[in-house]
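Participant: There's a structure below that I have some questions on.
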Amino acid sequence: MNKPDHRAAVHDTTAVEVHHPTPITPVHTAPMLPVQPGSIPSVASVVLPDGRVVTGYAITPMQPEPVTHKPPVSRAAVNIALAGVGFAAMCGGLFLLTAFITALTALITQLIILAAVIFGGWVAVQVFSARGHSGGTTVHIRKAVIKRNHFHS
């Protein structure tokens with residue numbers, strides 16, 4: 078049972094490939110020279126340690142837009158709101174004005190009616206009073222005798 082197999086003793090070396098890893102050498106970048114902000118060239122070149130030269134365009138950093146102080150509410154919205162408040166105040170004032178004119182007209186009408194009633198009552202008392210004459214012209218009428226178409230007093 079445990080006999081060694083003759084076929085297993087033969088080694089097949091045709092399909093074996095050996096790979097050895099290639100070591101990665103660290104890349105040293107060329108030293109950057111400090112450059113003034115206003116004098117950045119449009120094309121920049123970098124010399125690598127192995128002598129190769131890499132050329133590219135310099136990218137200017139994006140400048141953020143300046144922040145302007147904006148009010149929390151626009152001026153147009155404030156103006157529209159103020160116009161609405163003014164219009165509402167004017168409408169209320171006009172309503173009060175018309176109410177005042179109506180009340181004043183009613184008061185004047187009642188005063189005129191009251192004056193007519195009082196004055197008319199006074200006139201009626203003067204006309205229909207039974208008391209004697211309190212002034213004015215007094216006329217005495219005597220008994221007249223008429224003889225032969227002559228008036229004798």
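The opening residue of the sequence shown carries number 78 in the working numbering; numbering runs sequentially from there.
All residues carry an ideal CB built from backbone N, CA and C; glycine is no exception.
(1) Along the beta strand (DSSP E) that carries V318, what are the first and last residues, could you check?
(2) DSSP three-state label for V200, please.
(3) Per DSSP, what kind of secondary structure is G163 in: helix, strand or coil?
(4) For V204, which residues in the same chain have their Cβ closer than 7 Å to its Cβ, ignoring the five residues on either side in sequence?
(5) Looking only at its chain, what residues have a beta carbon closer than 6 Å to the beta carbon of S122, apart from the 5 residues adjacent to it on each side?
Facilitator: Judging by the given coordinates:
(1) Here the chain has residues from 78 to 230 only, and residue 318 is not among them.
(2) Taking the first residue of the sequence shown as position 1, residue 200 is located at position 123. In this structure, V200 counts as helix in the three-state DSSP scheme.
(3) Residue numbering aside, residue 163 sits at position 86 when the sequence shown is read from its first letter. Residue state, collapsed to three classes: helix.
(4) Locating residue 204 in the sequence shown gives position 127, counting from the first residue. Cβ neighbours of V204 beyond the five flanking positions: none.
(5) The residue given as residue 122 occupies position 45 in the sequence shown. The answer, listed in chain order, is V130 and T132.
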